[in-house]
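Dropping the structure here:
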C-alpha cells in the first residue's frame, strides 16, 4: 500500500464516526494503524456477516463533512482475547466512543463476557478512493411494488374544500 493511500485510510476512518463493515453500519475507534469494532451481545451492534477471526472484511468510510462515500478498503480481521493488553487499550478508547452507556463503570466486564472485539488492519490499496470512484451510485435497485404515491382525487373533495373556504 502506498503511503498516500495509508494516510487517506487512516484520516478518513479516524474522523468518521460511522463506517460500513461488510455492508453493516458500525461505530468504531482507530488506534495505532488499525480499526477496532466491538460487536455481538444483546445490547451492542450485531456482528456483520462474514466477519470472523482471520477473515477479510470490506470497510466503506464516509466523508465527515459531506456524508458521501470517501474510501473503501479491505482489512484483515483479528479477534482479540479479553483482558489482554491490546484488548484493554481498545476498550479504553471504545468506551469514550460508545454513546448512552448505562453501565459506564462496569462496561469492560460486560463487553468481555458478551461481546467480540475485532481489530481490522488495512490490507492493500483501497478499492475506491477520490481518484478512483465507480461511475454508478452504488444504490440498490428498489424492489418491485404495487404501491402508488398518488391516487385520483376523491369526487367530493372539491365541494368540501369550497365549503371550507366559504365559511372563512
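Numbering (the UniProt record's numbering), first residue to last: 1 to 168.
Glycine included, each C-beta is placed from N, C-alpha and C at the ideal position.
All values derive from a computational prediction rather than experimental measurement.
Determine the direct distance from the alpha carbon of residue j to that of residue i, and round the result to whole angstroms.
| i | j | result |
| --- | --- | --- |
| residue 113 | residue 148 | 48 Å |
| residue 117 | residue 72 | 21 Å |
| residue 159 | residue 43 | 54 Å |
| residue 121 | residue 94 | 17 Å |
Under the rule that 16 or more other beta-carbon atoms within 10 Å means buried, what is residue i, buried or exposed?
| i | result |
| --- | --- |
| residue 60 | buried |
| residue 13 | buried |
| residue 57 | buried |
| residue 155 | exposed |
| residue 68 | exposed |
| residue 77 | buried |
Return the Cβ separation of residue i and residue j in integer angstroms, given the expectation that the two are a contact with Cβ distance under 8 Å.
| i | j | result |
| --- | --- | --- |
| residue 18 | residue 25 | 6 Å |
Closer than 8 Å: is that where the CB of residue i sits relative to any heavy atom of the ligand NAP?
| i | result |
| --- | --- |
| residue 129 | Summarising the ligand content, the structure contains no ligands, and the ligand NAP is consequently not present. |
For residue i, tell me which candidate among the options has the shortest Cα-Cα distance.
| i | options | result |
| --- | --- | --- |
| residue 107 | 21, 7 and 38 | 38 |
| residue 83 | 16, 33, 160 and 115 | 115 |
| residue 87 | 70, 119 and 63 | 119 |
| residue 79 | 35, 151, 130 and 16 | 35 |
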